[in-house]
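Novice:
Residue numbers (this note's numbering): 2 to 82.
1) Rank 21, 13 and 71 by C-alpha distance to the C-alpha of residue 58 and give the top, closest one.
2) Considering only C-alpha positions, which residue in the set 22, 62, 79 and 41 is nearest to residue 12?
3) List the whole-angstrom C-beta distance separating residue 80 from residue 67, where the pair is believed to meet the contact cut-off of C-beta under 8 Å.
4) In whole angstroms, what separates the C-alpha of residue 24 from that of residue 50?
5) Could you check what DSSP says for residue 57 in three-state terms: helix, strand or coil?
6) By the three-class DSSP mapping on this structure, what secondary structure does residue 13 have?
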């Protein structure tokens with residue numbers, strides 16, 4: 002029996018808490034804050050998950066097809082290959 006559907010139904014927070022595997026309430030609170038204040042990564046594409054730093058706001062840019070899009074300010078750049 003596959004658990005793929007169950008894994009897909011779990012929230013990002015649930016995945017992060019499961020990966021951390023801790024019962025420390027302070028650490029769990031920090032993970033919950035991180036999940037609430039950072040954007041979800043885009044769906045996994047053919048290039049995997051690729052990131053770079055945004056030159057404007059210094060937050061994370063996610064590769065989406067032939068573009069990089071900043072999760073913070075929305076700045077867009079072409080991917081140079």
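Note that the Cβ used here is the ideal one computed from N, Cα and C, for glycine as well.
Specialist: Once the coordinates are examined:
1) As a first step, residue 58 is located in the chain shown; it is residue number 57 there, counting from the start. If we check each option's Cα against that of residue 58, 71 comes out closest.
2) As a first step, residue 12 must be located in the chain shown, where it is residue number 11. Answer by Cα proximity: 41.
3) By one-based count along the chain shown, residue 80 stands at place 79. By one-based count along the chain shown, residue 67 stands at place 66. Contact holds; Cβ gap of about 5 Å.
4) What you label residue 24 is simply residue 23 of the chain shown in a count that begins at 1. What you label residue 50 is simply residue 49 of the chain shown in a count that begins at 1. Roughly 29 Å between the two C-alpha positions.
5) Numbered from 1 along the chain shown, position 56 holds the residue referred to as residue 57. Looking at residue 57 - three-state DSSP - the assignment turns out to be coil, as it is neither helix nor strand.
6) As a first step, residue 13 is located in the chain shown; it is residue number 12 there, counting from the start. Of the three classes helix, strand and coil, the one that applies to residue 13 here is helix, per DSSP.
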